[in-house]
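Here's the structure, in structure tokens; my notes come after.
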Amino acid sequence: MIEDYRFGNIRIDGKNYTSDVKIINEEVKPNWWRKEGHNLFPEDIKDILEAKPEILVVGTGAYGVMKISSQVRKLLEQEKIELIEAKTEKAAQIYNELLQSGKKVAFAAHLTC
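The end of the sequence shown is residue 116 by the working numbering, with every number in the run present.
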């Protein structure tokens, strides 16, 4: 569970992370770097695609600066993975709600901007 999010910091299962993270099959993948910092491309979420979640929740940053490429949108649609994008604080809440409801959900979050 995501317990708290503040600009540049997220607490998941009692541990704080200060760099971008992914959660795949309820396992935290810290220090997530993307091909281009504020853009999301298919190669940035290859491990998520391989896990085949029902839903991918993307936290686009505190101010929503990170953009999701059309290639990612198309690929998720082809793989029948629902995309939910929101500023990271809201995305964390959505992820928790979906997880508690029993959905197979992945999370990818930009923690700053």
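Cβ coordinates follow ideal geometry from the N, Cα and C atoms, glycine included.
> Between the C-alpha atoms of H41 and Q103, what's the straight-line distance to the nearest angstrom?
Replying inline: The residue you call residue 41 lines up with position 38 of the sequence shown. The residue you call residue 103 lines up with position 100 of the sequence shown. If you take the alpha carbons of H41 and Q103, they lie about 29 Å apart.
>> Strictly by DSSP, which residues pair up with D7?
In response: Translated into the one-based positions of the sequence shown, residue 7 becomes position 4. Note: D7 sits in a beta bridge opposite R14.
> Just curious, the alpha helix (DSSP H) that K90 is in, first and last residue?
Replying inline: Here the question's residue 90 lines up with position 87 in the sequence shown. Note, K90: premise wrong, no alpha helix (DSSP H); not H, not E.
> In or out: V21 buried (at least 16 other Cβ within 10 Å) or exposed?
Replying inline: One-based indexing of the sequence shown puts residue 21 at position 18. Checking the displayed sequence, the identity of residue 21 turns out to be Thr instead of Val. Classification for T21: exposed.
> Where do the ends of the beta strand (DSSP E) carrying E30 lie?
Replying inline: Counting from 1 along the sequence shown, the entry for residue 30 is found at position 27. Start and end: E30 to K32.
> With which residues is A111 paired in a DSSP beta bridge?
Replying inline: Looking up residue 111 in the sequence shown gives position 108. K25 and V61, per the DSSP bridge assignment.
> Where W36 and I48 are concerned, what is the direct C-alpha to C-alpha distance, given to the nearest angstrom?
Replying inline: Taking the sequence shown and counting its residues from 1, one reaches residue 36 at position 33. Taking the sequence shown and counting its residues from 1, one reaches residue 48 at position 45. When rounded, the distance between both Cα atoms is 10 Å.
> Quick one: is F110 buried, meaning 16 or more other Cβ sit within 10 Å of its Cβ, or exposed?
Replying inline: Here residue 110 is taken as the residue at index 107 of the sequence shown, counted from 1. With 16 or more other Cβ atoms within 10 Å, it is buried.
>> What does the alpha-carbon distance come out to for the pair Q74 and Q81?
In response: In the sequence shown, counting from the first residue as 1, residue 74 sits at position 71. In the sequence shown, counting from the first residue as 1, residue 81 sits at position 78. If you take the alpha carbons of Q74 and Q81, they lie about 11 Å apart.
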